[in-house]
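Working notes, beginning with the structure itself.
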Amino acid sequence: MNLSSFIKVFMPKDRIFYQLFEQVADNLVRIGEVLRETVITPTPEKRVELARKIEDLEHVNDDYTHRIFLELGQNFITPFDREDIHYLASALDDVADYIHGASKRIAMYRINQPNESIMKLSDLIYQAVVELKKAIYELRNLKNLRIITDACVRINSLENHADDIYDAAVAKLFDYEKDPLVVMKMREIYQSLETATDKCEDAANVMESIIVKYA
Amino acid sequence: MNLSSFIKVFMPKDRIFYQLFEQVADNLVRIGEVLRETVITPTPEKRVELARKIEDLEHVNDDYTHRIFLELGQNFITPFDREDIHYLASALDDVADYIHGASKRIAMYRINQPNESIMKLSDLIYQAVVELKKAIYELRNLKNLRIITDACVRINSLENHADDIYDAAVAKLFDYEKDPLVVMKMREIYQSLETATDKCEDAANVMESIIVKYA
Amino acid sequence: MNLSSFIKVFMPKDRIFYQLFEQVADNLVRIGEVLRETVITPTPEKRVELARKIEDLEHVNDDYTHRIFLELGQNFITPFDREDIHYLASALDDVADYIHGASKRIAMYRINQPNESIMKLSDLIYQAVVELKKAIYELRNLKNLRIITDACVRINSLENHADDIYDAAVAKLFDYEKDPLVVMKMREIYQSLETATDKCEDAANVMESIIVKYA
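Protein chains in written order, with our numbering: chain H, 1 to 215; chain C, 216 to 430; chain G, 431 to 645.
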């Protein structure tokens, strides 16, 4: 709230959206970094601590998203179509939610042996949020659209790659894991991670349609 | 359909939306009441009967939602932005759907021993729909915005509380329940109940952005 | 991309949307046909091959959806409200995604004995996409609205029927299937199929609200 009013005072109204989306992008990259640490750390205590850190960062994300929606209500002039701003903010918020959902379960279910598929999916998520950040920072001036389209293309292929890893991981789980409770837990985690990449793709699609309109 | 045409005759067009949203609110509170009965009743027959009652009320909700969408198509003048009406109606419809999904499974899976987490979650849902009703009834005149913002704040904290109960319930389930089929059934039920509170929060968020615009 | 520019050259801009939606409709009917083959074929190799065919058709659907969104960005004049085009394209895309999700799992989990519920659900999906096609082809001229409303009514009852079959299938699964891993796999498949019919209903609802506005 305070930051939001602070922003209002110091910049032309529609600049607020760029600023808020960039803050979301920075925060998502931070979340992606902590996720990677979370899934490779060997010590359970550390893992729980990192998962809690992601939870905090996810709350920060909620605040930014909330602010974007409030600004959307208060501003008649918006840099992009209102629906696009709404879709983009929602997709980016979902990315944070699903990463948080995965990290919470990794800690809660005490997944203590390092897992190849989880590490691969987390790495793909990290790469995807880095690409999202590149594209989001380019929205402000739209000088170099190629940067946005390239990032979106890469996010799409990262998501396809995540699909394959997810399918293989689930198939392996059903074939080799005999404890159904472990199967349930692992599948939940794989699913949250894979869905996080879907949401990155959703965000990329919105940005693609934005540049089509404004280029 | 008849009611809808009845409404059209007796009130100015954009009043219809207030009326329909208030009917949805009343119906959701009714659904919340029946849910609470459903999860505490000791007799299976009674439980099945109450679950069927929720199913009927959910169908009523579908009709209201359907009517709101039709009115949205027929009216050029709407009291709020079209997207907000669409988002709000969808979120409220989802609340009913997820409560129905939970009650249906509680009956179908014959969950006959009273379950602490289910009762707590159902109670939080009931409180949330009561808050939703307060806020929705205030939309008509927007005289006392404080009533809406307070309700939205309470719905948000109810949803956070539901998250914690859900996490604890699932963790307990995986730790103590040895029958994986029971784990699956219970988790499905917990999930539907928890998602119902998420949808209450979505509805609250839409109302918050509505008052930001129209206050 | 090439086809898209080809289209642009040879038809008035807003005609593109009818053309693209009709291509989606044709493709969905094709997917529905292959799904039915997939679930009745007795030979595993054939099943895997058909599932791969659905995957290819789903990618084609993605391209059409993507093009619709791009056209939405490039065209100021649209035959229907932008949100309706967006909702309809998304719902139709989801139909293809959930059918693909089901067929992928049927192959991946090696569901080799024919399953009554899967066949019934697949048949309902096929009927629903055929009704969707009828309605979509009528959007172009809106001469005979009855064709659209009748199709939407049938899609709604097909979806209700699918709900009942889904509930019965899941209840039976929990009652008679002792292997929890099999329960998990089958439930996933039932769920994807049932959700595909939900998405058909979503698409029907959008078309209903479109004709309310433009009739």
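Each residue gets a CB set at the ideal place from its N, CA and C atoms; glycine is no exception.
Collapsing the DSSP output to three states places isoleucine 77 of chain H in coil.
Around the CB of phenylalanine 506 of chain G, fewer than 16 other CB atoms lie within 10 Å, so the residue is classed as exposed. Here isoleucine 541 of chain G carries a coil assignment [DSSP, helix/strand/coil]. For the options H/Lys104, H/Val183, H/Ile16, H/Tyr64, the alpha carbon positioned closest to that of valine 39 of chain H is the one of H/Lys104. By the Cβ rule, the segment 586-596 of chain G does not count as touching the segment 478-496 of chain G, because fewer than three pairs are nearer than 8 Å.
A residue is called buried once 16 or more other Cβ atoms fall within 10 Å of its Cβ, and glutamate 159 of chain H is buried on that count. In the structure shown, arginine 140 of chain H falls within a coil segment according to DSSP collapsed to helix, strand and coil. Within chain G, the residues placing a beta-carbon under 7 Å from that of lysine 400 of chain C are Phe604, ordered along the chain. Here aspartate 14 of chain H carries a coil assignment [DSSP, helix/strand/coil]. With respect to the 9 Å criterion, valine 206 of chain H and tyrosine 18 of chain H are not classified as neighbours on the basis of their beta carbons.
Taking C-alpha positions only, serine 90 of chain H is separated from aspartate 299 of chain C by approximately 14 Å. Neighbours of glycine 73 of chain H across chain C, judged by C-beta separation under 8 Å: Ser424, Ile425, Val427, Lys428. Fully contained in the segment 25-79 of chain H is no beta strand (DSSP E) run of length 3 or more. Isoleucine 31 of chain H sits away from alanine 135 of chain H, with the two beta carbons spaced by 9 Å or more.
With a 10 Å radius around the Cβ and a threshold of 16 neighbouring Cβ atoms, proline 180 of chain H comes out buried. Note on geometry: alpha-carbon atoms of alanine 601 of chain G and alanine 317 of chain C lie some 14 Å from one another. The beta carbons of aspartate 486 of chain G and aspartate 632 of chain G sit no closer together than 9 Å. Closest in alpha carbon position to lysine 428 of chain C, among C/Arg230, C/Lys268, C/Leu357, is C/Leu357.
DSSP places aspartate 175 of chain H within a helical segment (H, G or I) once states are collapsed to three. Between valine 459 of chain G and lysine 483 of chain G, the C-beta gap is not smaller than 9 Å, which leaves the two residues out of contact. Within the segment 154-182 of chain H, the residues whose Cβ lies closer than 8 Å to some Cβ of chain C are Pro180, Leu181, listed in chain order.
Taking a Cβ-Cβ threshold of 8 Å, the residues of chain G close to asparagine 205 of chain H are His496, Phe499, in chain order. A direct Cα-to-Cα measurement between isoleucine 283 of chain C and asparagine 359 of chain C gives close to 24 Å.
Taking the Cα of valine 263 of chain C as reference, the smallest distance to any Cα among C/Asn327, C/Ala411, C/Leu285 is reached at C/Asn327. Contact with chain G is found for glutamate 83 of chain H, since one of that chain's Cβ atoms lies less than 9 Å from the residue's Cβ. Under the Cβ criterion of 9 Å, lysine 534 of chain G is counted among the residues facing chain H. The residues Tyr313, Ile314, Ala317, Ile333, Leu336, Ser337, Ile340, Ala377, Tyr381, in chain order, have a CB closer than 8 Å to that of leucine 408 of chain C in the same chain once the five nearest residues on each side in sequence are set aside. Chain-order list of chain C residues neighbouring tyrosine 109 of chain H: Phe389, by C-beta distance under 7 Å. Between alanine 455 of chain G and leucine 562 of chain G the beta-carbon gap is near 6 Å, inside 8 Å, which marks them as a contact. In this structure, isoleucine 641 of chain G lies near isoleucine 578 of chain G, with their beta-carbon atoms less than 9 Å apart. Here the C-alpha atom of glutamine 23 of chain H lies approximately 50 Å from the C-alpha atom of glutamate 475 of chain G. Taking 9 Å as the cut-off, the beta carbon of alanine 558 of chain G is found closer than this to the beta carbon of threonine 627 of chain G. In chain order, Thr38, Val39, Arg47, Ala51, Ile118, Ile189 place their CB closer than 8 Å to the CB of isoleucine 106 of chain H, counting only its own chain and leaving out the 5 sequence neighbours on each side. For arginine 297 of chain C, same chain residues with a beta-carbon under 7 Å away, outside a window of 5 residues either side, are Leu287 in chain order.
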